[in-house]
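Asks: I have a structure I would like to understand better, so I am pasting it below and will then ask my questions one at a time.
In full-length UniProt numbering, the protein residues as written are 1 to 445.
What follows is the structure, encoded as structure tokens:
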């Protein structure tokens, strides 16, 4: 896949101990949902700590285009005056989500319950990603599509249901995006919309729907699954939302602190929702020193201060059922595994193949080009850790912000510098990553 028109390469070199106290950006998943549910509510929603990366800003623009008043009142503080459930207006132009699959898919669900038509589009990366598994349940609820590319890809026109119907839907894979799209469409349907998951995915939508006044329940289903039931046609009310720091964004400087000898870094207000902290669980199993304090919560989401110190890591086997709680973090976990002693096996990573890039193959390539022995076996990633990484490679980022950040983290402790071909896409989720890492002591040039 092509890089940006004017790529900006960067080299990461071995550095001294990382130290300091930082707050990484607000959680992207919470930021998207706060904007969308604020727009579907009656009254004003005030959001503090919003992630102001490109992905979330594109969701804010789409809410404006659909009729909500969305304003930035101060840095990281936003106000949304909503239009109520089912109240979206016909947008005058296509909704452009840039690189954001989450924003695009969640807004599809919200639009599917409104009697309007909207064109959904994005950048070259988003246009390559599958949308059919989102559209299938929405069409069962009465929405339909037109002008759609082969394979259910963008750009496409989504026609919302004039009379949406509630459904009972069993998700084919553990996906918070599928679940959330169905629940958001179900807001406009009379009766009860039910989503059944064989493996529980992140529950931010359920917690936030309850925070905005929806009647929603979640019950255990089988060994690892959930049955979520939403009563349709509620009147949601504007609410205040404090966005916790994003554990996915925190994962990059956390792993850097673990692998750079002598490091001691404190991270403030990190979300500790157990459906998002599979990486922290895995790193602790590998021997990582990650201490929690100042535990509290907002809008149903727990958060804590984390103190992370450099640690000797060992290889582990990561079970497939943990994947939903850390699917975005496997790339940087692979970096940690490369610096560990022994083999790390990460199982059941098929979902990585349909992200911004084929992240499974891209992660393997990132390690190989820097002298790490790695194997992709089916949907498993096997990394042979030797306690150090030779480095010296040029990493192709494939328009993927997480590959770029993972490679830069690797270079912080590798024997030779690691270079990436483009930093441009880091801004989609973590605009201040490079200056924050430099402030902690990283050597990026």
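Ideal placement from N, C-alpha and C gives every residue a C-beta, glycine not left out.
The structure displayed is predicted, hence computed values, not measured ones.
Who are the Cβ neighbours of residue 20 in its own chain at under 7 Å, not counting the five residues just before and after it?
Replies: Taken in chain order, the residues that qualify are 265, 439, 440.
Asks: Given a cut-off of 8 Å, decide if residue 178 and residue 133 are closer than it, judged by their beta-carbon atoms.
Replies: Result yes, Cβ atoms of residue 133 and residue 178 sit closer than 8 Å.
Asks: Are residue 192 and residue 206 touching if we call contact CB-CB under 8 Å?
Replies: It is not a contact, given that the beta carbons lie outside the stated cut-off.
Asks: With DSSP run on the structure shown, which of helix, strand or coil describes residue 302?
Replies: It is a strand residue.
Asks: Can at least three beta-carbon pairs, one atom from the stretch 111-124 and one from the stretch 158-166, be found at a separation below 8 Å?
Replies: The stretch 111-124, when compared against the stretch 158-166, does touch it at the 8 Å Cβ threshold.
Asks: For residue 335, which of helix, strand or coil comes out of DSSP?
Replies: The answer is helix: DSSP assigns residue 335 an H, G or I state.
Asks: Going by the DSSP bridge assignment, what does residue 163 pair with across the sheet?
Replies: For residue 163, which the question treats as bridged, DSSP gives no partner whatsoever.
Asks: Could you check the C-alpha separation between residue 374 and residue 70 for me, to the nearest Å?
Replies: Cα-Cα distance, rounded: 46 Å.
Asks: Between which two residues does the alpha helix (DSSP H) harbouring residue 220 extend?
Replies: Segment 216-221 is the beta strand (DSSP E) holding residue 220; no alpha helix (DSSP H) there.
Asks: If you follow the beta strand (DSSP E) that residue 231 is in, where does it begin and where does it stop?
Replies: Here the beta strand (DSSP E) through residue 231 covers 225-231.
Asks: Which value, in whole angstroms, describes the spacing of the CA atoms of residue 76 and residue 377?
Replies: Between residue 76 and residue 377, the C-alpha separation is close to 42 Å.
Asks: In angstroms with no decimal places, state the Cα-to-Cα distance between residue 360 and residue 88.
Replies: Between residue 360 and residue 88, the C-alpha separation is close to 38 Å.
Asks: For the alpha helix (DSSP H) that contains residue 397, what are its first and last residues?
Replies: Here residue 397 belongs to no alpha helix (DSSP H), and DSSP marks it neither H nor E.
Asks: Using the Cα positions of residue 307 and residue 344, report the straight-line distance between them to the nearest angstrom.
Replies: Looking at the two C-alpha atoms, the distance is approximately 24 Å.
Asks: Thinking just about the alpha-carbon of each residue, which of 342, 430, 358 is nearest to the one in residue 327?
Replies: Checking every option, the nearest Cα to that of residue 327 belongs to 358.
Asks: If you reduce the DSSP assignment to three classes, tell me which class residue 211 lands in.
Replies: Three-state DSSP puts residue 211 in a helix.
Asks: If I follow the unbroken alpha helix (DSSP H) through residue 240, where does it start and stop?
Replies: Unbroken run through residue 240 is the beta strand (DSSP E), 240-242; no alpha helix (DSSP H).
Asks: At what residue ranges does the stretch 324-390 contain a whole run of the alpha helix (DSSP H), taking only runs of 4 or more?
Replies: Counting whole runs of 4 or more residues, the stretch 324-390 contains the alpha helix (DSSP H) stretches 330-339, 359-368.
Asks: If distances are taken between C-alpha atoms only, which option among 203, 194, 381, 153 comes closest to residue 348?
Replies: Measuring from the Cα of residue 348, the nearest candidate turns out to be 381.
Asks: Residue range of the alpha helix (DSSP H) that residue 61 falls in?
Replies: Start and end: 54-65.
Asks: Over what stretch of residues does the beta strand (DSSP E) that includes residue 120 continue unbroken?
Replies: It spans 117-121 - the beta strand (DSSP E) in which residue 120 sits, taken as one unbroken run.
Asks: Where does residue 240 land, buried or exposed, given buried means 16+ other C-beta within 10 angstroms?
Replies: Its Cβ having fewer than 16 others within 10 Å, residue 240 is exposed.
Asks: Can you have a look at residue 368 and say buried or exposed, based on whether 16 or more other CB atoms are within 10 angstroms of its CB?
Replies: Answer is exposed; the Cβ neighbour count stays below 16.
Asks: Reducing DSSP to helix, strand and coil, say where residue 291 ends up.
Replies: Three-state result, residue 291: strand.
Asks: Should residue 168 be labelled buried (16 or more other beta-carbon atoms within 10 Å of its own) or exposed?
Replies: Exposed, because fewer than 16 other Cβ atoms sit within 10 Å of the Cβ of residue 168.
Asks: Restricting to runs no shorter than 4 residues, where is the alpha helix (DSSP H) found entirely within the stretch 71-134?
Replies: Runs of the alpha helix (DSSP H) inside the stretch 71-134: 101-112, 124-127.
Asks: May I ask you to report which of helix, strand or coil DSSP gives residue 158?
Replies: Reduced to three states, the DSSP call for residue 158 is strand.
Asks: Give the single residue among 83, 255, 352 whose Cα lies nearest to the Cα of residue 289.
Replies: That would be 255, whose Cα lies nearest to the Cα of residue 289.
Asks: Using DSSP bridges, identify the partner residues of residue 191.
Replies: Bridge partners of residue 191: none, in fact.
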